[in-house]
Amino acid sequence: MQEKSSQVTLKSLLANDIGSGLFMKNSILTLIVFGLLSMISTVQAQSDTRSDELVFDATVLAHTCLNCHSPTATTHHDDRLAIPNILTHDAEATYQLLVAYQQDELPPNTTIMNRLVAAFNDDELKAIAEAVSAIDLEKQ
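Taking my numbering, the leading residue of the sequence shown gets 3, the next gets one more, and so forth.
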């Protein structure tokens, strides 16, 4: 009988060891899943924060136009390398040109402007055009 009780004890010890092993495996798995979910929510929170920080600034965009559209540029269209001075246009004319570029109404493959303005909506194009026409190089 004593032999039987030692077998029962051995079985119960094995059962406890197996059970605790499963518990540990489940605990580790739970910890891994929790960690991954925490990382995902952190990344999402950072992503939301970054998108809130993005600000459309037409004035900054308008000044970047001057990198190519120098105020001293020539308007001679026979010269393929000449990029016109955009500061000679009023806001409405600049807006109409931006829309024409965006809709590919101007001769294709003559400029990169269609790609530069493709992502802007109508209000943004108007704001950029107004900001370009408001640039005063003498005050800078």
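The beta carbon of each residue, even a glycine, is placed where N, CA and C say it ideally should be.
(message) I believe D124 touches N116 by the beta-carbon criterion, under 8 Å. Please report the beta-carbon distance rounded to the nearest angstrom.
(response) Not a contact, Cβ separation roughly 16 Å.
(request) Whole angstroms is fine: what's the gap from F25's alpha carbon to L118's? (result) Because the pLDDT of F25 is 48, which lies under 50, any placement of that residue in the model is unreliable, and the question is left without a value.
(request) Answer with buried or exposed for A95, where buried requires no fewer than 16 other C-beta atoms within 10 angstroms of its C-beta. (result) exposed
(request) State the CB to CB distance for the pair V134 and C70, rounded to an integer number of angstroms; the pair is presumed to be in contact (CB under 8 Å). (result) Wrong, their Cβ atoms sit about 12 Å apart, outside the cutoff.
(message) Please classify A121 as buried or exposed, where buried requires at least 16 other C-beta atoms within 10 Å of its C-beta.
(response) exposed
(request) Using three-state DSSP, classify L139 as helix, strand or coil. (result) helix
(message) Taking 8 Å as the threshold (beta carbon to beta carbon), is Q105 in contact with chain C?
(response) Among the chains of the structure shown, chain C does not appear; only one protein chain is present.
(message) Taking only three categories from DSSP, how would you classify A121?
(response) coil
(message) For A93, which residues in the same chain have their Cβ closer than 6 Å to its Cβ, ignoring the five residues on either side in sequence?
(response) The residues are A131, E132, S135.
(request) Please report the Cβ distance between I114 and H65, rounded to the nearest whole angstrom; I am assuming they are in contact, meaning their Cβ atoms lie under 8 Å. (result) About 18 Å; that fails the 8 Å criterion.
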